[in-house]
Amino acid sequence: MSDNKLAASLNGHLPHPNQNDRNTIRIRGARQHNLKNIDLELPRDRLIVFTGVSGSGKSSLAFDTIFAEGQRRYVESLSAYARQFLGQLDKPDVEAIEGLSPAISIDQKSTSHNPRSTVGTVTEIYDYLRLLFGRAGEPHCPICDRSIAPQTIDEMCDRILELPDRTRFQILAPVVRGKKGTHRKLLSSLASQGFVRVRIDGEVRELSDSIELDKNLTHTIEVVIDRLVKKPDIQERLVDSLSTCLKQSGGIANIVVSQSSVVSSDNQQTTDKEQLTTDSEEELVFSENFACPVHGAVMEELSPRLFSFNSPYGACANCHGIGTLRRFAPDLVVPNPEAPIYAAIAPWSEKDNSYYLELLYSLGQAHGFELQTHWNNLTAEQQEIVLYGEKGERTAEARRTQSFKGAIPILQRQYEGGSELIKQKLEQYLVDQPCEVCGGKRLKAEALAVRLGQYGILDLTGVSIRDCQERTAQLKLSDRQMQIADLVLREIKARLQFLLDVGLDYLTLDRPAMTLSGGEAQRIRLATQIGSGLTGVLYVLDEPSIGLHQRDNGRLLKTLTKLRDLGNTLIVVEHDEETIRAANHIVDIGPGAGIHGGNIIAQGDLQALLTAEDSLTGAYLSGRRVINTPAERRAGNGRSLVINNAHRNNLRNIDVEIPLGELVAVTGVSGSGKSTLINELLYPSLQHHLTKKVPLPKQLQEIKGLNAVDKAIVIDQSPIGRTPRSNPATYTGVFDAIRDVFSQTVEAKARGYKPGQFSFNVKGGRCEACSGQGVNVIEMNFLPDVYVQCEICKGARYNRETLQVKYKDKSISDVLNMTVEESLEFFQNIPKAVTRLQTLYDVGLGYVKLGQPATTLSGGEAQRVKLATELSRRATGKTLYLIDEPTTGLSFYDVHKLLDVLQRLVDKGNSILVIEHNLDVIRCADWVIDLGPEGGDKGGEIIAVGTPEEIAKNSRSYTGQYLQQVLQHYPAIKK
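Per the numbering used here, the sequence shown starts with residue 4, numbered consecutively.
Here it is as structure tokens:
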């Protein structure tokens with residue numbers, strides 16, 4: 004070190020990096036996907052919101068650039084040995100990122116599809132509960148609920164010596180409990196060992212007598228070991244007798260205490276002829292094992308593994324800890340009871356079923372029915388025979404022929420031994436039924452019988468998280484239990500509180516993770532991260548407010564700020580107004596979507612966003628652009644659907660009237676019962692009425708008005724396909740029109756090419772190296788499949804000959820790489836293509852490529868593709884659309900466009916039923932059905948129905964409270 008530097012260091016003036024460098028994340032030259040070489044500086048330890056129209060590049064910057072680079076650098080910091088298991092991560096298209104922290108992504112695509120995964124296991128609360136019950140629990144007999152605890156001979160003696168002086172008692176050793184037989188050898192053996200008496204089924208008998216037992220009845224045999232009177236000097240004899248008793252019985256001693264017989268003399272024992280059993284006697288049962296002394300139910304020593312349904316030590320042996328079994332449901336196998344027998348059994352009516360018809364004909368001959376007989380005209384016994392086969396003894400003549408096994412056993416055998424294609428076809432008739440052994444509780448009876456204080460483990464996992472927290476606070480524990488459980492209980496309570504903070508109080512810990520929505524799964528991971536207490540981490544979140552009612556938004560924001568205040572940086576991709584206004588730093592990306600996006604429009608505080616002229620987000624937040632509240636609400640077409648006595652899940656026997664010809668919003672806090680009512684009751688009822696292919700749900704009394712609907716369409720966020728073969732062009736049908744156009748070109752006609760030549764799903768024009776996928780699938784053990792670009796066609800999907808055919812100098816592969824907006828202009832003279840492309844553009848998907856694989860579309864994009872497909876079809880005017888949260892992933896601008904599309908559909912005479920939390924959609928609805936008041940077991944009621952204005956006046960409705968504010972801010976303007 005030079006003299007100057009040494010002096011500077013001694014004086015505390017050693018040169019150090021710029022302080023701003025340590026408080027800033029700097030991005031230089033980001034070009035991932037549609038990003039336009041952007042430079043950006045983000046403050047550390049702040050809540051940062053990325054916003055902008057859908058497809059503008061928010062996720063490209065947050066996830067595919069910042070998070071991807073942070074993850075890549077972390078992996079590179081590991082040893083070469085560790086990296087070989089993680090694989091090579093590609094570097095995002097960015098020149099440099101400085102000041103990057105270790106990054107954690109909390110997105111919506113990480114929901115577990117494992118049926119063994121539950122809310123409790125994901126949050127690790129269940130692991131702590133297992134530890135708690137395994138170390139501090141008290142075992143009980145699963146049959147009689149008697150407390151089970153191993154006792155030493157000294158403890159038994161102490162308990163017996165607590166009896167009043169001169170109390171008579173007998174020591175009995177149970178050697179047979181509830182077993183059939185004569186037991187002659189046992190009785191003879193006992194007599195040869197010198198024992199004199201036994202108690203058989205409650206009656207004392209002399210072994211010297213001739214004892215004859217009925218071999219067909221169950222018997223309990225107890226050997227009389229000794230008969231004593233409680234005195235101070237009997238301890239030695241008592242210990243010897245108990246030792247003999249435990250040895251004979253395998254660890255159990257039964258003490259029969261005579262309540263009314265106190266000896267007045269000094270005799271130590273009763274006379275030989277005196278009977279043991281009197282009207283006033285008490286029995287004390289002791290065991291030196293973890294076993295019920297009465298029923299013999301054996302308990303292994305308590306340990307956490309006994310409470311794990313993923314371990315053979317704790318899981319129910321019948322369902323292996325899953326809690327349900329896949330079974331053929333009679334109402335799915337016979338969905339239409341009004342059909343004749345030859346058509347009633349659905350799996351046999353969809354193909355050549357001559358073999359099964361012959362079976363049913365022969366069965367009918369034997370049991371008195373014909374193939375033309377309607378199913379509901381059969382007797383209950385005949386239906387049972389058709390479904391489950393013939394029971395009982397057959398006559399000699401009948402034995403010559405093969406007995407009918409039953410439709411359901413035949414289907415079960417086909418399913419278990421059939422090919423994947425057969426299994427896929429039969430899957431629709433299977434349901435998850437609770438295990439008949441454990442009743443869906445997953446655990447062995449021994450584990451369920453263990454209690455901690457007043458609760459078993461199921462009493463904590465089977466109730467809402469809100470109730471679980473209350474019960475853990477009310478646990479009544481002994482001093483010893485409290486000493487063991489103190490630290491574990493603290494951890495459980497803290498994690499439960501984190502779940503409450505993110506608005507998940509209505510969930511139960513035993514709820515399967517695969518049934519959670521993307522927003523719920525994301526908030527669970529968010530709660531878990533808070534519990535970890537890490538600092539200095541960069542968290543990247545993808546719209547955590549999805550599926551969350553406005554009431555719970557405040558709790559979510561408190562959680563995010565808490566995570567920030569721990570010393571972390573949060574980058575949140577979000578469209579929610581409240582979140583945007585609460586952010587420390589806002590980055591608006593746009594101005595448009597796809598090729599029109601990828602630029603930084605505004606960054607800084609809220610004021611910078613509001614004043615940015617090119618920002619569509621700022622325009623809506625500042626009021627320069629407004630989604631107008633309708634001046635008048637539609638009256639509908641005078642018809643309605645009426646659901647009576649709906650009682651599925653948490654619905655409380657509610658009656659609901661849904662007006663038709665209107666835009667109807669179903670609202671309520673998360674978990675209030677919206678999806679249950681619409682997706683699990685209304686839609687299956689409509690399917691049953693329209694197709695007869697599904698049964699009518701049993702959890703409602705009746706549904707009226709179904710004749711007013713001729714088509715019911717669900718538009719949800721499930722993928723439009725599970726492979727790269729599926730894309731917007733094929734799903735909407737626009738690709739058929741495009742292939743027709745190419746087949747009409749001069750070059751195609753000269754070569755004799757038909758439209759099939761331009762399909763990548765059949766042989767002919769496609770690249771056979773990748774079978775037209777453009778990628779090859781590499782199967783990875785224990786990891787998701789990896790798609791690698793085809794080396795022959797380079798992702799073009801077609802062979803060279805097909806690619807030589809051009810339309811306006813573009814090949815079929817070039818067209819698939821066009822965005823919807825580009826293709827709309829390219830095919831402007833093809834009406835058949837324009838119709839479908841225009842609807843895709845109208846729902847805000849102008850930036851999506853026609854050939855974009857379905858696997859890369861978000862849930863919201865997939866939903867809008869489905870909506871566009873339905874829009875392009877001719878409306879009947881009697882169609883009911885069921886749409887589940889269509890605003891997911893949409894900006895204010897995109898919500899505005901979506902509402903225009905929905906209103907257009909209703910104006911054609913159709914009906915729309917939308918499950919929604921977005922207040923802009925709710926205030927633009929004609930009618931609102933609000934459920935609540937809370938979620939889970941405290942929901943399931945109809946809180947309010949009416950126009951948005953009427954809902955806003957209802958003080959009991961949480962939706963109404965927030966609706967009142969937005970209606971005041973955006974009043975209806977009459978024309």
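A virtual CB, placed ideally from N, CA and C, is assigned to each residue, including glycine.
Element boundaries [alpha helix (DSSP H), containing Gln-196]: As a first step, residue 196 must be located in the sequence shown, where it is residue number 193. Per DSSP, Gln-196 belongs to no alpha helix (DSSP H) and is neither H nor E.
Where Gly-55 falls, given that 16 or more other Cβ within 10 Å makes a residue buried: Position 52 of the sequence shown, counted from the first residue, corresponds to residue 55. Taking every protein chain shown into account, the CB of Gly-55 has 16 or more other CB atoms within 10 angstroms, so this residue is buried.
Beta-carbon gap between Phe-761 and Thr-805 smaller than 8 Å: Working through the sequence shown from its first residue, we reach residue 761 at position 758. Working through the sequence shown from its first residue, we reach residue 805 at position 802. Less than 8 Å separates the beta-carbon of Phe-761 from that of Thr-805.
Three or more C-beta pairs below 8 Å linking the segment 894-913 and the segment 934-949: The segment 894-913, when compared against the segment 934-949, does not touch it at the 8 Å Cβ threshold.
Three-way DSSP call (helix, strand, coil) for Asp-435 in this model: In the sequence shown, counting from the first residue as 1, residue 435 sits at position 432. Look at Asp-435 here: in three-state DSSP terms it is strand.
Beta-carbon gap between Ile-163 and Ile-258 smaller than 8 Å: Walking along the sequence shown from the start, residue 163 turns up at place 160. Walking along the sequence shown from the start, residue 258 turns up at place 255. For the pair Ile-163 and Ile-258, the CB atoms are nearer than the 8 Å cut-off.
Between the CA atoms of Ser-673 and Arg-959 - distance to the nearest angstrom: Working through the sequence shown from its first residue, we reach residue 959 at position 956. Working through the sequence shown from its first residue, we reach residue 673 at position 670. Distance from the CA atom of Arg-959 to the CA atom of Ser-673, rounded to whole angstroms, is 16 Å.
Coil, strand or helix - Phe-136 by DSSP: Position 133 of the sequence shown holds residue 136. The answer is helix: DSSP assigns Phe-136 an H, G or I state.
Every unbroken alpha helix (DSSP H) inside the segment 48-125 [4 residues or more]: Fully enclosed alpha helix (DSSP H) runs of 4 or longer: 61-64, 71-79, 83-89.
Whole-Å CB distance - Ile-589 paired with Val-52, under 8 Å assumed: Residue 589 sits at position 586 when you count from the first residue of the sequence shown. Residue 52 sits at position 49 when you count from the first residue of the sequence shown. Right, their Cβ atoms sit about 5 Å apart.
Whole-angstrom distance between Thr-572 and Lys-479, CA atom to CA atom: Within the sequence shown, residue 479 is the residue found at index 476, counting from 1. Within the sequence shown, residue 572 is the residue found at index 569, counting from 1. Cα to Cα, the separation comes out at about 41 Å.
Under 8 Å between C-beta atoms of Tyr-734 and Ile-723: Against the sequence shown, residue 734 aligns to sequence position 731. Against the sequence shown, residue 723 aligns to sequence position 720. Yes, the pair counts as a contact, with Cβ atoms nearer than the cut-off.
Nearest-angstrom beta carbon gap, Glu-683 and Ser-914 [assumed within contact, 8 Å]: Looking up residue 914 in the sequence shown gives position 911. Looking up residue 683 in the sequence shown gives position 680. With 8 Å as the limit, Ser-914 and Glu-683 do not qualify as a contact, their Cβ atoms being about 19 Å apart.
From Thr-327, Thr-842, Ala-139, residue whose alpha carbon lies closest to that of Arg-736: Position 733 of the sequence shown, counted from the start, is the residue given in the question as residue 736. As written in the sequence, residue 736 is Gly, which differs from the Arg given in the question. Each of Thr-327, Thr-842, Ala-139 was checked against the Cα of Gly-736, and the nearest Cα belongs to Thr-842.
Nearest-angstrom Cα separation, counted from Lys-188 out to Leu-983: Shown here, the chain extends from 4 to 978; a query on residue 983 therefore has no answer.
Alpha carbon of Asp-42 to alpha carbon of Gly-593, nearest angstrom: Along the sequence shown, read from residue 1 onward, the residue named residue 42 stands at position 39. Along the sequence shown, read from residue 1 onward, the residue named residue 593 stands at position 590. The alpha-carbon atoms of Asp-42 and Gly-593 are separated by roughly 14 Å.
Asn-313 to Pro-412 span [Cα, whole Å]: As a working mapping, residue 313 is identified with position 310 in the sequence shown. As a working mapping, residue 412 is identified with position 409 in the sequence shown. In this structure, the alpha-carbon of Asn-313 lies about 29 Å from that of Pro-412.
Distance between Ser-875 and Arg-769 (C-alpha atoms, nearest Å): Indexing the sequence shown from 1 puts residue 769 at position 766. Indexing the sequence shown from 1 puts residue 875 at position 872. Going by the C-alpha atoms only, they are around 28 Å apart.
Touch test, the segment 100-119 against the segment 539-551, Cβ-Cβ under 8 Å, three pairs minimum: Yes: at least three Cβ pairs fall under 8 Å.
Cβ separation of Gly-938 and Ser-774, assumed to be a contact under 8 Å, to the nearest whole Å: Counting from one through the sequence shown, the residue named residue 938 turns up at place 935. Counting from one through the sequence shown, the residue named residue 774 turns up at place 771. 47 Å between Cβ atoms; not a contact.
Opposing strand residues paired with Arg-31 [DSSP bridges]: Within the sequence shown, the letter at position 28 stands for residue 31. Beta-bridge pairing links Arg-31 to Ala-99.
4-residue-minimum alpha helix (DSSP H) runs that sit fully inside the segment 555-626, ordered along the chain: The qualifying runs are 580-585, 609-614, 619-625.
Whether Ser-290 touches Pro-153 by CB criterion (8 Å): Locating residue 290 in the sequence shown gives position 287, where the first residue counts as 1. Locating residue 153 in the sequence shown gives position 150, where the first residue counts as 1. Yes, Cβ-Cβ distance for Ser-290 and Pro-153 is below 8 Å.
Meets three-Cβ-pair contact criterion under 8 Å: the segment 639-649 and the segment 520-531: Judged by Cβ distances under 8 Å, the segment 639-649 makes no contact with the segment 520-531, as fewer than three pairs qualify.
Backbone CA spacing between Gly-326 and Lys-447 [nearest angstrom]: Reading the sequence shown from its first residue, position 323 is the one you call residue 326. Reading the sequence shown from its first residue, position 444 is the one you call residue 447. Between Gly-326 and Lys-447, the C-alpha separation is close to 11 Å.
Alpha carbon of Gln-500 to alpha carbon of Ala-476, nearest angstrom: Stepping through the sequence shown from its first residue, residue 500 is reached at position 497. Stepping through the sequence shown from its first residue, residue 476 is reached at position 473. Near 12 Å, if we compare the C-alpha coordinates of Ala-476 and Gln-500.
Whole-angstrom distance between Leu-848 and Glu-864, CA atom to CA atom: Here residue 864 is taken as the residue at index 861 of the sequence shown, counted from 1. Here residue 848 is taken as the residue at index 845 of the sequence shown, counted from 1. Distance between the alpha carbons of Glu-864 and Leu-848: 7 Å.
Short Cβ contact (8 Å threshold) for Leu-45 with Thr-68: Indexing the sequence shown from 1 puts residue 45 at position 42. Indexing the sequence shown from 1 puts residue 68 at position 65. Taking C-beta atoms as the reference points, Leu-45 and Thr-68 fail to come closer than 8 Å.
Paired residues, beta bridge with Ile-822 - DSSP: To locate residue 822, count along the sequence shown from 1; it is residue 819. It is Thr, not Ile, that sits at residue 822 in the sequence shown. Residue pairing by DSSP places Thr-822 opposite Lys-852 in a beta bridge.
Enclosing beta strand (DSSP E) for Glu-285 [first to last residue]: Residue 285 sits at position 282 when you count from the first residue of the sequence shown. Glu-285 -> beta strand (DSSP E) spans 284-290.
Inter-residue Cα distance where the pair is Ile-716 and Gly-880: For the purposes of this step, residue 716 is taken as residue 713 along the sequence shown, with counting starting at 1. For the purposes of this step, residue 880 is taken as residue 877 along the sequence shown, with counting starting at 1. Approximately 13 Å between the Cα atoms of the pair.
Sufficient close CB pairs (3 or more, under 8 Å) joining the segment 594-614 to the segment 850-863: As far as the Cβ criterion goes, the segment 594-614 touches the segment 850-863, which means the pair count is three or higher.
The segment 484-500 contacting the segment 433-451, beta-carbon criterion three pairs below 8 Å: Inter-segment contact for the segment 484-500 and the segment 433-451 is absent: fewer than three beta-carbon pairs are separated by less than 8 Å.
Identity of the residues DSSP links to Val-917 by a beta bridge: If you number the sequence shown from 1, residue 917 lands on position 914. Answer is Ala-668, Ile-886, bridged to Val-917.
Status (buried if at least 16 other CB within 10 Å, exposed otherwise) for Ser-729: Numbered from 1 along the sequence shown, position 726 holds the residue referred to as residue 729. A residue is called buried when at least 16 other Cβ atoms come within 10 angstroms of its Cβ; Ser-729 meets this threshold and is buried.
Proximal residues to Val-260 (C-beta, below 8 Å), its chain only, five neighbours per side dropped: Position 257 of the sequence shown, counting from 1, holds the residue named residue 260. Listed in chain order, the non-local C-beta contacts of Val-260 below 8 Å within the same chain comprise Leu-166, Thr-170, Arg-171, Phe-172, Glu-284, Glu-285, Glu-286, Leu-287, local neighbours out to five positions each way being set aside.
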